[in-house]
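Asker: Residue numbers (my numbering): 166 to 532. Cβ atoms here follow ideal geometry from the backbone N, Cα and C, with glycine treated the same way. Got a structure here, written out as structure tokens. Questions coming.
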Ligand code: MRU
């Protein structure tokens, strides 16, 4: 199941606000509406919003009335600011928008129709890479999932959080496909209920054995020996391995450590931000009061109740057993080993980019 794609000049995405009760596809032809969709969580999950940012930039290029490459780049810079502001924690968003802007700066042509085509190619390449990376993470993660394991999972990290397949849920999917006979405890994940609404829906479609649990049940399950491994994704990983992920992740990791249960974050290398030395530098998004004071649209707290609603928390790296990436599993010392995998992945992306540039140059000459 693909979460986001380009079709006839529009960006299409599954409207995740409506799942699991309604399955609707939302269409966008204005990058400002894509920024709105990211903010309102029509699409959510770090890699998915990275792809949405990239496709949003392509829309901006098609919307632009610019007559020169320089003017088009100025319009793209403006669009990047608007898209990046939609959600601050997931670094994948600015990573996706930057890739399109960098491509526009690299390609030296005044043929703006061709330039727009090239930008679309780049966004499509980013989306295809995401799927391939998720599958690689799934295979890499198999090594840490024992047969018959009970896996505790937080938030939604599946096809819906990515372009397709998933990060932590990708490892779960791969373990199921490999016949490991696993069972998943699905944290409901208040306040937006991504676990109850989205992860449960995805796992049930795949017939992966699972139970939905209230967030508060996780500690009891770990204490009573019902959890073998804890898996989650991340929106940003700092250079020292501290991880920002959905609110509630920190609590899970601490209780897992107390009970001797291994904890893995599953992240593409695009989620690693080496520019930030540690978790306290990661911006944490705060969202609206309604998410906490209402449940399924129904108010559950007094009128005008003061609410504090941080959407993410930081799990210090000391609570992580390892970080599963497309380049392999990273173990401590995270500061040294994360840098190594990030550089390896960037090298690979740069090589592929060179190939694409060569193909574009051929296209240019052919015009
Ligand atoms: O607020 P959301 O639903 O966008 O948060 C998503 C998560 O916290 C995921 O765990 C994270 O993006 C990694 S999943 C691929």
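Note down, in chain order, each residue of its chain lying with its Cβ closer than 7 Å to the Cβ of residue 380, except the 5 sequence neighbours on either side.
Answerer: For this step, residue 380 is matched to residue 215 along the chain shown. Answer for residue 380: 352, 353, 354, 355, 413, listed in chain order.
Asker: Thinking just about the alpha-carbon of each residue, which of 482, 433, 459 is nearest to the one in residue 489?
Answerer: Along the chain shown, read from residue 1 onward, the residue named residue 489 stands at position 324. Checking every option, the nearest Cα to that of residue 489 belongs to 433.
Asker: Which runs of the beta strand (DSSP E) at least 3 residues long sit entirely within the stretch 321-355? Give them in chain order.
Answerer: You should have 348-352.
Asker: With distance defined between alpha-carbon atoms, name the residue in 367, 243, 418 nearest to residue 225.
Answerer: Position 60 of the chain shown holds residue 225. Ranking the options by Cα distance to residue 225, first place goes to 243.
Asker: Please confirm whether residue 431 and residue 328 have their CB atoms less than 8 Å apart.
Answerer: Numbered from 1 along the chain shown, position 266 holds the residue referred to as residue 431. Numbered from 1 along the chain shown, position 163 holds the residue referred to as residue 328. Cβ atoms of residue 431 and residue 328: not closer than 8 Å.
Asker: Could you tell me the distance, in whole angstroms, from the CA atom of residue 421 to the CA atom of residue 314?
Answerer: Start at 1 with the first residue of the chain shown, and residue 421 comes out as number 256. Start at 1 with the first residue of the chain shown, and residue 314 comes out as number 149. Each residue's Cα considered, the two are about 15 Å apart.
Asker: What is the residue span of the beta strand (DSSP E) that residue 375 lies within?
Answerer: Along the chain shown, read from residue 1 onward, the residue named residue 375 stands at position 210. Residue 375 -> beta strand (DSSP E) spans 375-378.
Asker: So what does DSSP say about residue 178, is it helix, strand or coil?
Answerer: The residue you call residue 178 lines up with position 13 of the chain shown. Residue state, collapsed to three classes: strand.
Asker: Can you name the residues that DSSP bridges to residue 433?
Answerer: Position 268 of the chain shown holds residue 433. DSSP lists no partner for residue 433.
Asker: Going by CA-CA distance only, name the one from 236, 191, 253 that's closest to residue 204.
Answerer: Indexing the chain shown from 1 puts residue 204 at position 39. Looking at the Cα atoms, 253 is the closest of the given residues.
Asker: Below 8 Å on the Cβ atoms is my guess for residue 222 versus residue 277; work out the distance and round it to an integer in Å.
Answerer: Taking the chain shown and counting its residues from 1, the one referred to as residue 222 is at position 57. Taking the chain shown and counting its residues from 1, the one referred to as residue 277 is at position 112. That belief does not hold up - the Cβ atoms of residue 222 and residue 277 are roughly 15 Å apart, past 8 Å.
Asker: Do residue 339 and residue 306 have their CB atoms nearer than 8 Å?
Answerer: One-based indexing of the chain shown puts residue 339 at position 174. One-based indexing of the chain shown puts residue 306 at position 141. Yes; because the gap between Cβ atoms is below 8 Å, this pair is in contact.
Asker: Pull up the distance between the alpha-carbon of residue 195 and that of residue 220, whole angstroms please.
Answerer: Position 30 of the chain shown holds residue 195. Position 55 of the chain shown holds residue 220. Near 10 Å, if we compare the C-alpha coordinates of residue 220 and residue 195.
Asker: Which ranges does the alpha helix (DSSP H) cover as unbroken runs of at least 4 residues, wholly within the stretch 443-517, from first to last along the chain?
Answerer: With a minimum length of 4 residues, the continuous alpha helix (DSSP H) runs that stay inside the stretch 443-517 are 455-458.
Asker: For the ligand MRU, is there a heavy atom less than 7 Å away from the beta-carbon of residue 209?
Answerer: Reading the chain shown from its first residue, position 44 is the one you call residue 209. Answer for residue 209: yes, Cβ within range of the ligand MRU.
Asker: What distance in whole Å lies between the Cβ atoms of residue 237 and residue 213, which are believed to be in contact at a cut-off of 8 Å?
Answerer: Taking the first residue of the chain shown as position 1, residue 213 is located at position 48. Taking the first residue of the chain shown as position 1, residue 237 is located at position 72. Wrong, their Cβ atoms sit about 26 Å apart, outside the cutoff.
Asker: What's the call for residue 387, buried or exposed, on a 16-neighbour Cβ count within 10 Å?
Answerer: Counting from 1 along the chain shown, the entry for residue 387 is found at position 222. Its Cβ being crowded by 16 or more others within 10 Å, residue 387 is buried.
Asker: Within the present structure, is the beta-carbon of residue 463 separated from the nearest heavy atom of the ligand MRU by less than 7 Å?
Answerer: Residue 463 sits at position 298 when you count from the first residue of the chain shown. Every heavy atom of the ligand MRU is 7 Å or more from the Cβ of residue 463, so no.
Asker: Rounded C-beta distance between residue 409 and residue 444? I'm assuming under 8 Å.
Answerer: Here residue 409 refers to the residue found at position 244 when the chain shown is read from its first residue. Here residue 444 refers to the residue found at position 279 when the chain shown is read from its first residue. With 8 Å as the limit, residue 409 and residue 444 qualify as a contact, their Cβ atoms being about 7 Å apart.
Asker: Under the three-state reduction of DSSP, which class applies to residue 259: helix, strand or coil?
Answerer: Here residue 259 refers to the residue found at position 94 when the chain shown is read from its first residue. Three-state result, residue 259: helix.
Asker: Compare the beta carbon distance of residue 180 and residue 207 with 8 Å and say whether it is the shorter of the two.
Answerer: The count along the chain shown starts at 1 and reaches residue 180 at position 15. The count along the chain shown starts at 1 and reaches residue 207 at position 42. In contact: residue 180 and residue 207 (Cβ atoms closer than 8 Å).
Asker: Residue 200 and residue 231 look like a contact to me (Cβ under 8 Å); what is the Cβ gap, rounded to whole Å?
Answerer: Along the chain shown, one-based indexing puts residue 200 at 35. Along the chain shown, one-based indexing puts residue 231 at 66. With 8 Å as the limit, residue 200 and residue 231 do not qualify as a contact, their Cβ atoms being about 20 Å apart.
Asker: Tell me which residues share the same chain as residue 215 and place their Cβ nearer than 8 Å to its Cβ, disregarding the 5 neighbours each side in the sequence.
Answerer: Counted from its first residue, the chain shown places residue 215 at position 50. The answer, listed in chain order, is 255, 257, 258, 260, 261, 291, 295, 435.
Asker: Below 6 Å CB to CB, which residues in the same chain sit around residue 245 once its five sequence neighbours on both sides are set aside?
Answerer: Here residue 245 refers to the residue found at position 80 of the chain shown. Excluding residues within five positions, the ones whose Cβ falls inside 6 Å are 262, 266.
Asker: Could you tell me the boundaries of the beta strand (DSSP E) in which residue 402 lies?
Answerer: The residue you call residue 402 lines up with position 237 of the chain shown. Run containing residue 402: 401-403, per the beta strand (DSSP E) assignment.
Asker: Would you mind listing the alpha helix (DSSP H) stretches within the stretch 218-280 that are 4+ residues and don't spill past its ends, in chain order?
Answerer: The stretch 218-280 contains these whole alpha helix (DSSP H) runs: 234-249, 256-271.
Asker: Is any heavy atom of the ligand MRU found at a distance shorter than 7 Å from the C-beta of residue 300?
Answerer: For the purposes of this step, residue 300 is identified with residue 135 of the chain shown, where counting begins at 1. No, the ligand MRU has no heavy atom inside 7 Å of this Cβ.
Asker: Within its chain, find whatever has a CB closer than 7 Å to the CB of residue 229; leave out the 5 residues flanking it on each side and keep chain order.
Answerer: The residue labelled residue 229 in the question sits at position 64 within the chain shown. Taken in chain order, the residues that qualify are 237, 240.
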